[in-house]
Structure formats: structure tokens, C-alpha cells
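Taken in order, these protein sequences are the chains called A and B.
The numbering of the first sequence is our numbering, which starts it at 11 and goes up by one.
The numbering of the second sequence is our numbering, which starts it at 11 and goes up by one.
Backbone N, C-alpha and C define an ideal beta-carbon position, used for all residues, glycine too.
Just so you know, these numbers come straight off a predicted model, no measurement behind them.
A quick write-up on the structure given underneath.
2 protein chains.
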Amino acid sequence: MIRIAIDAMGGDFGPEPIIEGVVQALEEKKFMPILVGDKEEILSLLPQYYIDKVEIIEAGDVIDMSDQATNALKRKDSSIYKAVELVRDKEADAVLSAGHSGATMTLATLRIGRLPHISKPALATLMPSLGKNKTLVLDVGAVTDCTPQNLYEFGAMGEAYVEKILKLKNPRVGLLSNGSEDSKGNALTKEAFILLKNLRGFVGNVEGKDIFNGKVDVVVCDGFTGNIMLKASEGVVTTVFELMKQYIRKSLPAKIGALMMRKKVFANMKRQVDKDEYGGAPLLGVDGCAIVSHGASNAKAIKNAIFQAILFVQSGVNTQIEELLSEEK
Amino acid sequence: MIRIAIDAMGGDFGPEPIIEGVVQALEEKKFMPILVGDKEEILSLLPQYYIDKVEIIEAGDVIDMSDQATNALKRKDSSIYKAVELVRDKEADAVLSAGHSGATMTLATLRIGRLPHISKPALATLMPSLGKNKTLVLDVGAVTDCTPQNLYEFGAMGEAYVEKILKLKNPRVGLLSNGSEDSKGNALTKEAFILLKNLRGFVGNVEGKDIFNGKVDVVVCDGFTGNIMLKASEGVVTTVFELMKQYIRKSLPAKIGALMMRKKVFANMKRQVDKDEYGGAPLLGVDGCAIVSHGASNAKAIKNAIFQAILFVQSGVNTQIEELLSEEK
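What follows is the structure, given as C-alpha cells:
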């Protein structure tokens, strides 16, 4: 049975939505949750029926959002430290946290370790697209200063991930640049372009808009650019809907019109951009599985993050990453 | 009278919308357009009444979108080369082109030259925002590999521009980064952060979403990141409205609802993201005024770009840039 170490204390809303998400996941799938945190609090939130369906590991400390990621290595009694340690010690197959994402990434990278061919792990996220599938973008925040080799590895990891997890055949990988011509790019991407040509699915440079139009399945970028692109895109969506609301409020016909569009248009669109449908971003390149959930995760997000972890472990994506990187150069 | 050199041949639709835009501008404001291009073609498009209200300079060559920007310097009979040359020779106060933007930027930078304190000019664009004013973002594509000094100068130029052109008092300048804490950033922005502290209006790091929420008036970034952010944001808007259309088409109540929202909501929103309202992006830092319009500019965009050029020349923004950069360090 797949064992998933869950940081029960991380996240903006404390342990409640996390325990609730674990219970929801157990209702649908067989796996062994290992809940790490304040045992008493966890037991108080866990319905009687589930008590023998989970393991609980006591942790007396929690790293919160205001702490420095670099201190995470010293906080050995924290819930995230102990959860990561379970994967390191092969007592769990995956670790999942909605807590401090920098701490999770640092600990997963340094305590679990990297895959043999990976110099830096990358945070990968699925973006909504007009194409058949969502687009996987990496890195969106793990590595702010990248080398060309980092970007090349990100390409291979992205290719392996969409092949194994999204079951796409011959995925297309693009390099995010300031134009689609081969000659475009900054010093970093121009060098990375040459390395990425070794990748089966590499189709060349893509522009910001191509993340959303289905032109490629994987978009590679450094973590600084990816993070800015991700947050700008979220900001645009928020702004568009906020503006729409402001205009709707000012007009009665528009108010009625909006009501008529609510179910078939707005509800569907909301689902399409709903982060909770995935529940978290995998940190690709660690020698195991680490899922970084957002701090505001609700029970549904945690449930889906658990399902994502189960799929990750079953899919053999790490083996595929290693195969791609050992064969292609 | 302000003299504006206009590349009459650049742009995706040839001279027609450009001449039409010049005519529309002349109906509203006094200025002297200097139309550069195929004299015969220009005359055939220009209404009789306006013939003595413009100057026409013959140019036998046009740089098109497939040409390399670097060749622009050799194409001395091209409409954009000759239009830029008019500013260099002080025969025009500003130059405007909807043609090859790389060529326009290269020629404006090298032939007109830079302001004394500017190492690299930057392309600046206004982004829609939930705040009172739009947000000026620079650079969005002129300099792909920036130094910290470049970013510092961009900050000063942005501050001067919104003070003089948008008439904002005490504008707030943010540095685009992967988090708002002072410690965030890549190697480039961490160094730029220290320099930018010398700028009166500098408020620290901002995130991608802050471009759209009115937190700051000016956002500074390198041209690679800015270009990706800009195109991703445009892609998100396209995707949101395309998805909405797809869902509307599938439901009769939604279709009726959308009709009821058309005038008061969708038309207003369209206006808010309409690029033609500004008509072009100024290339800040050249010793003169150069406005880069998008290739698909219609007459309205050209008209507004001309008005922007007039305002630029009248406002003394270049003097303000030089003052800021000579006093602040």
C-alpha cells in the first residue's frame, strides 16, 4: 500500500482542512496516510472510524509562513521536517505539505536528495489552456537563477511528467522566450535552446501567450520568470472578473444577464481555473515524491493533492526522467 | 508647431490606416505630420484638403516583419530609417512607426542617440489596473539582458514619465520580483534593488499580480521578463473571453444573458483593455521621442499614438529623466 506522509500542521487554516481532505481521500482510495503533527489535535479532528486507518507521528514544532526557508534544516521537530524524513528513510513514498513552500522545497531537495541526473529540482504547475490538455509550466519558483543545464533538465522532467501522469504521447516541449523565432531569447535561454534540441519533444521557443493556446504541452522557464508569469496570469484573471463585477453592479439588465450566465458559463469557468482540482504542484527532480500545496488549500485540494501523489508514485515518472536524461545526450 | 515624422509604410495593413490616422489627428489637433514613404501612394490616399497640411518625404524601401532588425542600419532608403533621421537632424520632434519594432528601436537608439545618463533605452507600456490609473511597465522588450544599472535607469525613466505624462504626484515605483519581501529576487534584481533605493518613489519588490491591482504606478523589469509577462497577460485575457464564448454558445439562457451584458459590461471591458486607446509604446531614454506602435494598428491607434507623441514633446519628460538621474546618486 502506498504510504503518504502528510504535514498535518502546515497551511493557512491549520490542521482542520488537511484532516478533512485525508478522510475524503480515504473514502475514495486505498492508501496509508502518515499524519505528522500535534497528535492530540489530530486525534481530536479525526473521526473515530478512521483512527486505525492512519498512522500518526508526533511533531512539536510548525514552520510558519513568516519563517525563513533556510532555518527549516535546523527545525528538526517541525511537522514538515519529520514528514520529509519519512520519505528519506523509505518509511513513506511521498510527502505532501500546504505549509511554507520554501521550507518544503529546501527540505525535500536536501534531505530526500535529487535524482542522479538532476542538478536542481523544479516546481511544476498545470495552467488552463484552450487546447485539449492543460499546459505544464516549470519552473515556477524553485530556482530563481538557472543555468542552461537546469533548463534542459526541466524540459526532460516536464516531458516525462506529461507522458506518465497526463498520458500524453509525444508531448511537445517549448522554451519560454520573448519571441518564437530561434534567434530570440536572453543569454540564458539562447544557451539552453542548444541543449534542449537534444530532447525528443522540443519544438523551439514559445511566447507567453502560447502557455494558454495549446501550442505545446510543456513550457520551460527559469523559476524567477515562471513565478512572475504565474502570478501575473492569476492577477489578470482576478482583475477581469473584478472589473466585470463592478460593471454588472451598475446595470440592472447586466445583473439579470449575469444571473442567466451563472450556471452554464461562470461556474464552468471557475472550475477551469480552480487550483483545488489539482491540489498542489509536484517538485520534480527529487528522488521520491514531494507535492507542494498552496497555503489556502481546502479539504478538496488536499484530497486531490493526495491523489496526485498516489498517481506520481504509481506512474514511474522518476524512472522515466532518468531514462530520458541518460539516453538523450 | 510640433513636427512628427511618421513611417507611412510600416504596419501590417500598409499605408492606409496610417494616413487615415494622420487625417483624424489633424481634425483634432494642430501639428505638422512628415509622412515618409512612397510619395505617389501617400498622395493617392490623402484627401485633397490635407495635401498642404502635411510634408511628404520620399522613401523607396520598406523594412518588413521578416527582416532582421540588425540590417535596419544599412537600409538607408527605408521609410523608418528616413523617419528616424529626421529626428536626428532636428527636422522632426518625434518619430512614430507601426512597422518592424526591432528596427525602430535599433535605429532610434543608434541614430538619434541616448540621453546622457541612459545606458539603454526601454520600451514602456501601460497595463490595465483596478487602481485609479494604469500601471506603466518597463522594459517590455527593448533589452533582453539587463544590468542592475539598466533597471535603475528604467525606474527613473518610469517615474519621470508618469509624473510628466500621466501627471501623477509622488509616483510609486516597484521592482518586479518573485515575492514582495526585500530578500526576494534573482541575482540581477537583488543588485538592482540596492540601486533603486536611491529613487524617491521606490517602494520595493512587487509581484506579478501587483501590476494589475494599483499597488504601484511603475513596474520595473528586464525586457525578457517584461515581454513574457505582457504576452502571457494578453494570452490570459484572450483565453478567458474565448472560454466564455464557448460556454455561452452552448446554452440559450447564457446567450440571452450575454446579450444583456453586452453594452454595459463587455463593451466597457473591451475599452479598458483596448490597445488602440494609447496607440503605441514610447521608447524611453532616446534623446528625442520615438513611439513604437503595434503592427496591427488601425487609424484610431495611429491617431492616439500621434497625440501621445505631441504630449511627450510638450511635457519635457526627457529633461525630467535627466534631472532625476543627475540628482539622485
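The ligand MG heavy atoms versus the CB of residue i: any closer than 7 Å?
{"i": "GLN282 (chain A)", "result": "Only the bare structure without any ligand can be found here, which leaves the ligand MG out of the picture."}
With a threshold of 8 Å between beta-carbons, can residue i be considered close to chain B, or not?
{"i": "LYS10 (chain A)", "result": "Since the displayed chain A opens at 11 and closes at 339, residue 10 (chain A) lies outside it and no answer follows."}
{"i": "VAL275 (chain A)", "result": "yes"}
{"i": "GLN159 (chain A)", "result": "no"}
{"i": "VAL46 (chain A)", "result": "no"}
{"i": "ILE320 (chain A)", "result": "no"}
{"i": "ASP17 (chain A)", "result": "no"}
{"i": "PHE183 (chain A)", "result": "Position check: residue 183 (chain A) holds Val in this sequence, whereas Phe was assumed. Judged by the 8 Å Cβ criterion, VAL183 (chain A) is not in contact with chain B."}
{"i": "ILE73 (chain A)", "result": "no"}
{"i": "MET42 (chain A)", "result": "no"}
{"i": "MET115 (chain A)", "result": "no"}
{"i": "THR119 (chain A)", "result": "no"}
{"i": "ILE221 (chain A)", "result": "yes"}
Mapping the DSSP letters down to three states, classify residue i as helix, strand or coil.
{"i": "ASN208 (chain B)", "result": "coil"}
{"i": "ILE73 (chain A)", "result": "coil"}
{"i": "ALA11 (chain A)", "result": "One point to set straight first is that residue 11 (chain A) is Met, not Ala, in the sequence displayed. Looking at MET11 (chain A) - three-state DSSP - the assignment turns out to be coil, as it is neither helix nor strand."}
{"i": "LEU186 (chain A)", "result": "strand"}
{"i": "SER129 (chain A)", "result": "coil"}
{"i": "ASP22 (chain A)", "result": "coil"}
{"i": "SER193 (chain B)", "result": "coil"}
{"i": "VAL250 (chain B)", "result": "helix"}
{"i": "ILE175 (chain A)", "result": "coil"}
{"i": "ASP17 (chain B)", "result": "strand"}
{"i": "LEU140 (chain A)", "result": "coil"}
{"i": "ALA277 (chain A)", "result": "helix"}
{"i": "VAL229 (chain A)", "result": "strand"}
{"i": "ALA291 (chain A)", "result": "strand"}
{"i": "ALA242 (chain B)", "result": "helix"}
{"i": "GLY224 (chain A)", "result": "coil"}
{"i": "THR157 (chain B)", "result": "coil"}
{"i": "ASP286 (chain B)", "result": "helix"}
{"i": "ALA268 (chain B)", "result": "helix"}
{"i": "ALA152 (chain B)", "result": "coil"}
Answer yes or no: does any C-beta atom of chain A fall closer than 8 Å to that of residue i?
{"i": "GLU252 (chain B)", "result": "yes"}
{"i": "ALA202 (chain B)", "result": "no"}
{"i": "ALA261 (chain B)", "result": "Ala is not the amino acid found at residue 261 (chain B); the sequence shown has Ser there. Yes - at least one Cβ of chain A is within 8 Å of the one on SER261 (chain B)."}
{"i": "PRO138 (chain B)", "result": "yes"}
{"i": "ASN81 (chain B)", "result": "no"}
{"i": "ILE266 (chain B)", "result": "yes"}
{"i": "GLU244 (chain B)", "result": "yes"}
{"i": "LEU186 (chain B)", "result": "yes"}
{"i": "ASN143 (chain B)", "result": "no"}
{"i": "ALA134 (chain B)", "result": "no"}
{"i": "LYS84 (chain B)", "result": "no"}
{"i": "GLU217 (chain B)", "result": "yes"}
{"i": "ILE238 (chain B)", "result": "yes"}
{"i": "ALA197 (chain B)", "result": "yes"}
{"i": "ASP155 (chain B)", "result": "yes"}
{"i": "GLY214 (chain B)", "result": "no"}
{"i": "GLY151 (chain B)", "result": "yes"}
{"i": "TYR257 (chain B)", "result": "yes"}
{"i": "PHE164 (chain B)", "result": "no"}
{"i": "THR329 (chain B)", "result": "no"}
Bridge partners of residue i, per DSSP?
{"i": "THR114 (chain A)", "result": "BP columns for THR114 (chain A) are empty, so no partner."}
{"i": "THR135 (chain B)", "result": "B:VAL147"}
{"i": "GLY214 (chain B)", "result": "B:GLY184"}
{"i": "PRO263 (chain A)", "result": "PRO263 (chain A) pairs with nothing; no bridge assigned."}
{"i": "VAL105 (chain B)", "result": "B:ALA15, B:ALA300"}
{"i": "ARG124 (chain A)", "result": "A:VAL296"}
Could you round the C-beta distance between residue i and residue j to whole angstroms and report it? I think they count as a contact, below 8 Å.
{"i": "ALA300 (chain A)", "j": "ILE122 (chain A)", "result": "7 Å"}
{"i": "ASP227 (chain A)", "j": "ASN143 (chain A)", "result": "6 Å"}
{"i": "ARG124 (chain B)", "j": "GLY295 (chain B)", "result": "6 Å"}
{"i": "GLY224 (chain B)", "j": "SER139 (chain B)", "result": "5 Å"}
{"i": "THR116 (chain B)", "j": "LEU83 (chain B)", "result": "7 Å"}
{"i": "ALA306 (chain B)", "j": "LYS219 (chain A)", "result": "So it is not a contact: roughly 14 Å between Cβ atoms."}
{"i": "ILE14 (chain B)", "j": "ILE44 (chain B)", "result": "7 Å"}
{"i": "SER193 (chain B)", "j": "VAL216 (chain B)", "result": "About 14 Å; that fails the 8 Å criterion."}
{"i": "LYS100 (chain B)", "j": "VAL46 (chain B)", "result": "LYS100 (chain B) to VAL46 (chain B), Cβ: 16 Å. No contact."}
Exercise. Scan the segment 35-102 of chain A and note each continuous beta strand (DSSP E) run of 3 residues or more that stays entirely inside, going in chain order.
Key: 42-47, 65-68
Quiz item: Which runs of the alpha helix (DSSP H) spanning at least 4 residues fall entirely within the segment 295-331 of chain A, listed in chain order?
Solution: 309-325
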